[in-house]
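For the sequence shown, full-length UniProt numbering begins at 1 and goes up steadily by one.
Inspection log for the structure reproduced underneath, given as structure tokens.
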Amino acid sequence: MSRSRDGDATETVKMFNTSLEEVRWYVFGDDDTIFIPENLARTLSKYNHTSWYYIGASSEIYHQKSLFGHDMAFGGGGIAISNSLANVLAKGFDSCIERYPRLYGGDSRVHACMLELGVGLSHESGFH
1 MSRSRDGDAT
11 ETVKMFNTSL
21 EEVRWYVFGD
31 DDTIFIPENL
41 ARTLSKYNHT
51 SWYYIGASSE
61 IYHQKSLFGH
71 DMAFGGGGIA
81 ISNSLANVLA
91 KGFDSCIERY
101 PRLYGGDSRV
111 HACMLELGVG
121 LSHESGFH
């Protein structure tokens, strides 16, 4: 496993530890993911940021779905995590990802930690 891919998830979750009250959502994606702020804001406005939400879409590639399932948000399409969920995720994230050394990429490790918390994916077709 590549150390840089390992660090991607860890660095992202470190942002969650800032616990800024004005932050409602943490949104991240791959280095070639493009977000349109107006569309993103409109989509996220349907959800209550004080509840636990893990929002995104599964891969459009059949092989990826067969490997990772349909309930994992892929970083290529973007992932949004509510502030309240991010705060809980950050507290145990380091120990969580250590339990999954065979998983590759930040999105698969975040997904594993979401499953441990009992949080399923809220599918949004616009995240693709």
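Every residue, glycine too, gets a C-beta built ideally from N, C-alpha and C.
Could you check how far apart the C-beta atoms of A44 and A80 are, in whole angstroms? I think they sit under 8 Å.
It should be noted that the sequence gives Leu, not Ala, for residue 44. Indeed, because the Cβ distance is near 6 Å, the residues count as touching under 8 Å.
On a Cα-Cα basis, can you pick out the residue from R42, Y54, L40, K91 that is closest to S82?
Y54
Would you mind sorting S51 into buried or exposed? The rule is 16 or more other CB atoms within 10 Å of its CB.
exposed
Could you check whether A73 and residue 196 sit closer than 8 Å to each other, using their CB atoms as the reference points?
Past the edges of the chain, shown from 1 to 128, lies residue 196, and the structure says nothing about it.
According to DSSP, which residues form a beta bridge with G56?
H123
What residues match up with V27 in a beta bridge as DSSP calls it?
A80
Rounded separation between I36 and R102 - CA only
33 Å
Of the listed residues V119, R99, H111, nearest to S58 (C-alpha basis)
H111
Under a Cβ-count criterion, where at least 16 other Cβ atoms within 10 Å of its own Cβ denotes burial, should H123 be classed as buried or exposed?
exposed
Would you kindly check if the distance between the Cβ of L40 and the Cβ of V27 is under 8 Å?
yes
State the CB to CB distance for the pair G29 and G77, rounded to an integer number of angstroms; the pair is presumed to be in contact (CB under 8 Å).
7 Å
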